[in-house]
Amino acid sequence: MTQRNFLDPSDRFVHRHLGPREDDIQEMLAVLGLPSLDALADATVPADIRFRRPLDLSLNRGEKEVLDELKRLASANRVYRSLIGMGYYDCVTPPVIQRNILENPGWYTQYTPYQAEIAQGRLEALVNFQTMVADLTGLPLANASLLDEATAAAEAMAMCHTIVRAAGQERKEFFVSQDCHPQTIAVMQTRAEPLGLTIRVGMTRTLDVRDGRLCGLLLQYPATDGYVGDYSALVEQAHHAGVLVVVATDLLALTLLRSPGESGADIAVGSSQRFGVPVGFGGPHAAFLATKEEYKRQMPGRIVGVSRDVTGKPACRLALQTREQHIRREKATSNICTAQVLLAIMAGMYAVYHGPNGLRRIAERVRGLTLVLAEGLRRLGFDVAPKLFFDTIRVPVPRAQAEQILARADEQRMNLRRHEDGSIGLSLDETSSPDEVRRLWEIFVGHDRISFTVQDLTAAVALDYPPSLARTSAYLTHDVFNRYHSEHEMLRYLHRLQAKDLSLVHSMIPLGSCTMKLNATSEMLPVTWPEFASLHPFAPAEQTRGYQELFRQLEAWLAEITGFAAISLQPNAGSQGEYAGLMVIRAYHRAQGEGHRDVCLIPVSAHGTNPASAAMAGMTVVPVACDRHGNVDLADLEAKAAEHRDRLSTLMLTYPSTHGVFEPGVRRMCQIVHTHGGQIYMDGANMNAQVGLCRPGDIGADVCHLNLHKTFCIPHGGGGPGMGPIGVARHLTPFLPGHPVTQLGGPEAIGPVSAAPYGSPSILPISWVYIALMGRDGLTKATQVAILNANYMAKRLEKHYPILYTGTSGLVAHEFILDLRPFKESAGVEAMDVAKRLMDYGFHAPTVSFPVAGTLMIEPTESEAKGELDRLCEALISIRAEIQDIAEGRQPRTNNLLKNAPHTASAVTANEWERPYSREQAAFPAPWVRQNKFWPSVGRIDEAYGDRHLVCSCPPMESYQS
1 MTQRNFLDPS DRFVHRHLGP REDDIQEMLA VLGLPSLDAL ADATVPADIR FRRPLDLSLN
61 RGEKEVLDEL KRLASANRVY RSLIGMGYYD CVTPPVIQRN ILENPGWYTQ YTPYQAEIAQ
121 GRLEALVNFQ TMVADLTGLP LANASLLDEA TAAAEAMAMC HTIVRAAGQE RKEFFVSQDC
181 HPQTIAVMQT RAEPLGLTIR VGMTRTLDVR DGRLCGLLLQ YPATDGYVGD YSALVEQAHH
241 AGVLVVVATD LLALTLLRSP GESGADIAVG SSQRFGVPVG FGGPHAAFLA TKEEYKRQMP
301 GRIVGVSRDV TGKPACRLAL QTREQHIRRE KATSNICTAQ VLLAIMAGMY AVYHGPNGLR
361 RIAERVRGLT LVLAEGLRRL GFDVAPKLFF DTIRVPVPRA QAEQILARAD EQRMNLRRHE
421 DGSIGLSLDE TSSPDEVRRL WEIFVGHDRI SFTVQDLTAA VALDYPPSLA RTSAYLTHDV
481 FNRYHSEHEM LRYLHRLQAK DLSLVHSMIP LGSCTMKLNA TSEMLPVTWP EFASLHPFAP
541 AEQTRGYQEL FRQLEAWLAE ITGFAAISLQ PNAGSQGEYA GLMVIRAYHR AQGEGHRDVC
601 LIPVSAHGTN PASAAMAGMT VVPVACDRHG NVDLADLEAK AAEHRDRLST LMLTYPSTHG
661 VFEPGVRRMC QIVHTHGGQI YMDGANMNAQ VGLCRPGDIG ADVCHLNLHK TFCIPHGGGG
721 PGMGPIGVAR HLTPFLPGHP VTQLGGPEAI GPVSAAPYGS PSILPISWVY IALMGRDGLT
781 KATQVAILNA NYMAKRLEKH YPILYTGTSG LVAHEFILDL RPFKESAGVE AMDVAKRLMD
841 YGFHAPTVSF PVAGTLMIEP TESEAKGELD RLCEALISIR AEIQDIAEGR QPRTNNLLKN
901 APHTASAVTA NEWERPYSRE QAAFPAPWVR QNKFWPSVGR IDEAYGDRHL VCSCPPMESY
961 QS
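If you count by the UniProt record's numbering, then the sequence shown holds residues 1 to 962, one letter each, in order.
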């Protein structure tokens, strides 16, 4: 060992993140006939786009060193008690939920449940969430979460417009009550304008719903200043006028208040954050949307439904897939494909743990303390508004007095809300206490003037609401919400569900374009540090300096990695990043006096979110053909760009291509579009094949979104959370998203696309730690190994399956496509049959039938060891032999290993076995399966039955246990 080596930290991270050892890397390179990783990069990435210098980042460091540095940075945040409200509240995360869900890789490393047979645990948990939302809102159908409350409100607005237009009425205005949260109003204004909708903000008491221009209206219940009103008459008037009603509401308040559905609302939206999810400086949190049964086809987001498997056993799966943007593309009314699954599961489990009585007790305590606070302030001479409230009050005071009160609050390390008129807002929550109420009285008047106690005033307040507002209907009556109230039972329930889900703790998840890489423990630890988890998104800037420095560093690192001038961290999903990037381009064109540029060119191979995002941004989608090699057809691109030169806005381009190839003509594509006045939007889904080897900004892209939940290690959480920040070239920087509450952004900034100024900040430390640990050399090597792993697997499998597309050197990028279409004719086998059979081998399927129907797209990532790659190869080779048995008549075309897959334990151990293969072949087809068998909990699911008999709330408990 050299002196330099023993001075290096012993806990360097790069070799922990990379799966293959150095000997493995050399062995895999030899299979490809290449001498080094650098030679592989040279053979794969076109020379004219190669990035030839090291990234300007620090060298990789040890885990302890990086976490110590982050702890110092976090300590610059000052954690005050925030009573600001505005939809964000402190809460208690039950430790059994924090440890066993939020901090558990068995839950946070799952992928979106597209293979439902091995995702029953999280699907059941999401049905719990949907049932909770439906019960509390009084509406029969709820989705499996949206990104945040403001986004949910904007989705509801678009939904109202679609419903009214489908009824033959072109109404282009939407009313938003001024009592809504300001961030909600701002996001809705951003979303409305490109859709040609006009937002009218005003007072409900002066609203005339009969003017014929409104498609819908949004009410806040309780209002942002705390007011609780009866809107039943307004809802009835709106319905008589053909206007739909959306209510933004609070789930905890609805345990005491009459539900929106009972008041006639058509749609209810809100955030489930206060159900056990840390406030986290604004996210991630699970929003919700519930509606009437007749609007299920217009509902955005994902819905989990209860269907049945081949034996008739109830089984959950994603329902009504024909609504999704990947099918409807530019006709989609929403681009949302990322939910907030992990956070929705936490919120649903919070309801399971507390049950209806426990939730009501929490709500009554919050309301009772707020009533006592208000009564005490009145006795101290203050005029407290409103008269009816749940947890929030507003105290009008002269501005000079307000400043004194706020100064005393600051001394007590408490944040109160400053209203624009100078009045002070206070919102209590689950963590409030009698001592806190007394401290608040003292902040308003000082210690000497208080002649009563909290206990003195409890007898003077009444928890009950007037009959027109009080909740009388039952909620959360299902067994699941009334069974697991001891920690021991809750713990067992969580682990029973976890055991039904295949995640990265079991085996690789080789989904192409999804990048299921290691989410290292050291990256995850800071998420629950109170310095990051406990800050309100609208806390004063001097309290959030640690976060601000983290943002500054992360933005600088991402700018260096991508070659862009600036980064916005606001978009809280890849879909939001797409939308934000297109809106920035749109704003730029308008600033140049070219607002007529609205044509968006999109290759036919693109993700479905691309055309959906373009449509939402008010653009006209023009598809561009791909050639027989899967590359963008340059001649067709040039023809389309020339044809639409006067209106050309942008080209949406994925690089490497969605087909898994570094297209050599990428610079030419950029030149063609720029020549005709357009901008280049790069979809960053495949950025993990670029880091350290090439940069979007250098290639010619003007804007690119980054999936931090892919390339930069934020875990997928079963289908969310995610982050989709955008990088932009210098000329686009003035147009990056702003935020009105914190005055983020300049005069040319587009409006906010997320409720919080920085999207989902509490998960940004994950990517910060990853980049800091890997450093410049580690990030580049990770990219090289990702490309190596994909090419090694492709080389092993090419003798057994056709590889659909390769680059000019015969190599692929970081992912590749197996063509299974020939087997449909020869053996009656389709891609989905192979996907289900892989479950018997202990693997999640690759991406099925995207971007080409009848194929599998495989992405192994750099985190997978050679042994794991070989196991998946051997499984696929074995399945190929099973297909050959069918093709040559040794197995029937219907009753065979693939058509009957997956095989459950109950099927294999049944008394009857009438199949032309052994039980061992069914359940233990490979040696490693005997060592560590993952049993699918249900057989193959009948998708069509579930859509014909849509059930999206909890079935009887015995159904799951049968």
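Just so you know, even glycine gets a beta-carbon here, dropped at the ideal spot from N, CA and C.
Which listed residue (the options) has its alpha carbon closest to that of residue i
i, options, result
"residue 403", "424, 386 and 389", "424"
"residue 308", "120, 850 and 189", "120"
"residue 61", "775, 818 and 792", "775"
"residue 83", "141, 168 and 418", "418"
"residue 805", "427, 851 and 22", "851"
"residue 847", "508, 868 and 734", "508"
"residue 828", "809, 854, 814 and 844", "854"
"residue 49", "818, 498 and 691", "691"
"residue 414", "874, 913, 749 and 80", "80"
"residue 701", "85, 718 and 681", "681"
"residue 626", "643, 659 and 618", "659"
"residue 533", "278, 809 and 867", "278"
"residue 546", "26, 78, 5 and 24", "78"
"residue 898", "939, 865 and 930", "939"
"residue 630", "556, 808 and 489", "808"
"residue 131", "555, 300, 477 and 810", "477"
"residue 588", "750, 654 and 319", "750"
CB of residue i within 8 Å of CB of residue j, strictly
i, j, result
"residue 551", "residue 46", "no"
"residue 454", "residue 437", "yes"
"residue 102", "residue 339", "no"
"residue 55", "residue 561", "yes"
"residue 30", "residue 549", "no"
"residue 785", "residue 20", "yes"
"residue 752", "residue 186", "yes"
"residue 270", "residue 244", "no"
"residue 280", "residue 762", "yes"
"residue 304", "residue 314", "no"
"residue 695", "residue 13", "no"
"residue 123", "residue 795", "no"
"residue 860", "residue 922", "no"
"residue 172", "residue 198", "yes"
"residue 718", "residue 707", "no"
"residue 893", "residue 883", "no"
Expected contact under 8 Å - CB spacing of residue i and residue j to nearest Å
i, j, result
"residue 317", "residue 720", "About 17 Å; that fails the 8 Å criterion."
"residue 484", "residue 352", "6 Å"
"residue 536", "residue 108", "The Cβ separation is near 24 Å, so there is no contact."
"residue 857", "residue 513", "7 Å"
"residue 635", "residue 676", "About 15 Å; that fails the 8 Å criterion."
Same chain, Cβ closer than 6 Å to residue i, neighbours up to 5 away in sequence not counted
i, result
"residue 100", "494"
"residue 580", "571, 726, 737 and 753"
"residue 363", "252, 255 and 256"
"residue 644", "599"
"residue 1", "With a pLDDT of 49 at residue 1, under the threshold of 50, the predicted position of this residue should be treated as unreliable, though the coordinate-derived value follows. None."
"residue 656", "662, 686, 689 and 813"
"residue 973", "Residue coverage of the chain in this structure runs from 1 to 962, which leaves residue 973 outside it and unanswerable."
"residue 650", "585, 600, 678, 679 and 681"
Residues of its chain near residue i, where Cβ-Cβ distance is below 7 Å and the 5 sequence neighbours each way are ignored
i, result
"residue 11", "62, 63 and 64"
"residue 177", "204, 218, 219 and 220"
"residue 949", "none"
"residue 595", "589"
Cutoff 8 Å; reference residue i; Cβ partners in own chain excluding five residues on either side
i, result
"residue 134", "140, 141, 142, 290, 952 and 953"
"residue 822", "802"
"residue 633", "624, 625, 626 and 627"
"residue 665", "631, 632 and 634"
"residue 235", "245, 263, 264 and 265"
Checklist entry - Touch check for the segment 88-98 and the segment 510-519: three-plus C-beta pairs under 8 Å? => result Not touching, per the Cβ criterion.
Item to check | the segment 871-890 touching the segment 833-844, judged by at least three CB pairs closer than 8 Å | outcome: Contact between the segment 871-890 and the segment 833-844 is present: three or more C-beta pairs spanning the two stretches fall below 8 Å.
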